[in-house]
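One structure below.
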Amino acid sequence: MSSKAKFQAIRGTRDLLPPETALWNRVEQTAHEVFRTFGFGEIRPPIFEPTELFARSIGLDTDIVAKEMFSFEDYEPSTVFEYRSALVIWHEPRDVQGPPGPLGTGALAKFQPFAALLSLFCLAGRQAFDNGLIPRTPENDSLLNELVGERDIFLSSIQSRNDRENCADVDRLKERIRRLQLGDELTLRPEATASVCRAYIEHSMQQMPQPVKLYYMGAMFRRERPQKGRYRQFYQIGAEVLGGSDAPAIDAEVIELVMTFFARLGLESTELSINSIGHAADNCRRGYVELLRAELTKVKDQLGADSQRRIETNPLRVLDSKLEHEQGIIAKLPKIADHLCDECKTHYAQLKRQLDLRGVKYVENWRLVRGLDYYMRTTFEITARGLGSQNAVCGGGRYDGLVELLGGPPTKGIGFAIGEDRLILSLQEGGKGSVVEGRDVYIAWLGENAYATAIRAAQNLRKAGVSVELPPSEQKFGKALERASKLGARFALILGDNEVSSGEWTLKTLADGTQAKFAEAALLEYLKQKKV
Ligand code: HAM
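Pasting the structure below:
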């Protein structure tokens, strides 16, 4: 980037600015209040975690893990790292004399330094491996061994090759050198359920009164194609219930919590879809998936490339397809509800009863399978208006067994995450996004005496929670009032020498231009009452 080029927010990320951030704050404040009334406590997990945590939880075949994670290697500066950096930027010197080729010295002089550096790298790498300073993985072990052999072959063949061939060898070796893992693979969190489960295990939360009810809010990262309502850095507000019980009442209460939150915000035209995807057993989901696979294989030729691939990797995800020409085919496929085991059937029936008891309206959608592997039984999604194709504002479901998969005790779990960006968009589209803009009071002061009084007035008003703009330099009253209007102030407090000496301050209401005089204490009282 040239020094004059302007920096811009990275594609798929954006600045949230005032006054919109006031709406974000209102949403988050309401979440804190509503979640507390349901007995949830806030958890703030780190923003990055080992890649393996997400790979294992979300599943290798999912879009998130296969394509969308922002991952990086985390390592301490070390000699191996320095040698690696030197090797990957190495290029042959151009000014070495002597003919390259069988008996010339030029080729050796040019390329031997690379081989020598590679020897040092292999030595330092082996030492770091033995001392556990780089990950002791089988891949690192064999790569280090192989590199020693490849260096020997390279060294012995330098003289018999021309520059182009030697350069190609160097490039190939560089590619291999880059593969040595120097540190842990970390990933910016694409979601937070895995982190909450990791924290549940790490802090032995199974010893706390069960279930443990936690909520979170914050940035998540996925390398998705940016569009309206879809970003690479986006924000979620989510909640998880972890513990020993999988009572359908817990599922229903978690759903009721989201709906209550949405209602409190005035989010309209939401639609809750629910489904049960059973559990991983031959007489339940596994059996259904095999049946689905067999049925899909029969119509394979009529499906798109993604669905064809998913017949092998994850046939359930075919049900998610939005492709127009696949809709008719999918509609004729067997439905999971007809293939659930008795326990899952009962659980689903109970969930619906529990939702009815709470007056929560829903529609059933047998195709709602969700894009993450950890779900079982209950799945749900909520759509809202004004969002175009990205209209899912919340997704969630049950994930019994995930804690165990991550090395913890057998634990039941259910939760959801709301896409805060989409929630805000939908509120704005529905006319519920208005926020109070501007200051309460603009202090128009003139003269040194008045300035000291203005500072004191600003301090007292702010202490009482009134938002105050105190201009840093003197302005003519006309100019000051103009600026007050521009900033959207509701009142202008006029302080000149007359006001200071009489103790009677003038307050102008900017909307209608009326003025009234107040003593200091009375003015404070009046503004406290008027405060928005
Ligand atoms: P999810 O369906 O992947 O589920 O994401 C939940 C919500 O996050 C979506 O419904 C959407 O509103 C929002 N979202 C996802 N990706 C983006 C994006 N690129 N840009 C804007 N918003 C987005 C989960 O993340 C699960 N962890 C939910 C969960 C919690 N299940 C159980 N507990």
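According to my numbering, numbering within the sequence shown proceeds without interruption in unit steps and concludes at 1496.
Using N, Cα and C, we set each Cβ at its ideal position, and we do this for glycine too.
Closest residue to residue i among the options (Cα-Cα distance)
i            : options                   : result
residue 1008 : 1200, 1354 and 1058       : 1200
residue 1479 : 1407, 1470, 1311 and 1486 : 1470
residue 1166 : 1476, 1408, 1407 and 1373 : 1373
residue 1307 : 1092, 1160, 1410 and 1241 : 1241
residue 1278 : 973, 1266, 1258 and 1295  : 1258
residue 1260 : 1283, 1245, 1250 and 1022 : 1283
residue 1089 : 1129, 1078 and 1141       : 1141
residue 1483 : 1164, 1458, 1150 and 1382 : 1458
residue 1026 : 1444, 1188 and 1453       : 1188
residue 1227 : 1264, 1296, 1329 and 1348 : 1348
residue 1502 : 1176, 1369 and 1070       : Because the chain in this structure spans residues 965 to 1496, residue 1502 falls outside the shown range and cannot be described.
residue 1396 : 987, 1415 and 1197        : 987
Contact check, residue i vs residue j, beta carbons under 8 Å
i            : j            : result
residue 1039 : residue 1084 : no
residue 1365 : residue 1334 : no
residue 1379 : residue 1157 : yes
residue 1072 : residue 1122 : yes
residue 1385 : residue 1491 : no
residue 1051 : residue 1017 : no
residue 1345 : residue 1237 : yes
residue 1350 : residue 1390 : yes
residue 1357 : residue 1387 : yes
residue 1498 : residue 1031 : Outside the shown range of the chain (965 to 1496) lies residue 1498, about which nothing can therefore be said.
residue 1212 : residue 1318 : yes
residue 1450 : residue 1468 : no
residue 1205 : residue 1361 : no
residue 1208 : residue 1174 : yes
residue 1460 : residue 1410 : yes
residue 1131 : residue 1367 : no
residue 1280 : residue 1304 : no
residue 972  : residue 1194 : no
residue 1229 : residue 1375 : no
residue 1235 : residue 1324 : no
residue 1147 : residue 1037 : yes
residue 1454 : residue 1474 : yes
residue 1095 : residue 1145 : no
residue 1511 : residue 1163 : Lying outside 965 to 1496, the shown extent of the chain, residue 1511 is not represented and no answer is given.
residue 1445 : residue 1456 : yes
residue 999  : residue 1179 : yes
residue 1108 : residue 1143 : no
residue 1301 : residue 1330 : yes
Residue i in three-state terms, based on DSSP
i            : result
residue 1399 : coil
residue 1430 : coil
residue 1358 : strand
residue 1216 : helix
residue 1240 : strand
residue 1498 : The structure shown has nothing for residue 1498, since the chain only spans 965 to 1496.
residue 1312 : helix
residue 1234 : coil
residue 1185 : strand
residue 1513 : Beyond the ends of the chain as shown, which are 965 and 1496, falls residue 1513; an answer cannot be given.
residue 1497 : A question about residue 1497 goes unanswered here, because the residues of the chain that appear run from 965 up to 1496.
residue 1207 : strand
residue 1379 : strand
residue 969  : coil
Any chain B beta carbon closer than 8 Å to residue i
i            : result
residue 1146 : In the structure shown, chain B does not exist; there is a single protein chain.
For this session: Can you check the stretch 1093-1181 for any beta strand (DSSP E) of at least 3 residues that lies completely inside it and give the ranges in chain order?
Result: 1148-1152
Problem set entry | Minimum length 4: unbroken alpha helix (DSSP H) runs contained in the stretch 1244-1301 | 1249-1262, 1269-1277 and 1291-1295
Problem set entry | beta strand (DSSP E) runs wholly inside the stretch 973-1060, at least 3 long, in chain order | 1012-1014 and 1035-1038
Problem set entry | 4-residue-minimum alpha helix (DSSP H) runs that sit fully inside the stretch 1322-1376, ordered along the chain | 1366-1369
For this session: For the stretch 1437-1481, list the alpha helix (DSSP H) runs that are entirely contained and at least 4 residues long, ordered along the chain.
Result: 1441-1450 and 1461-1466
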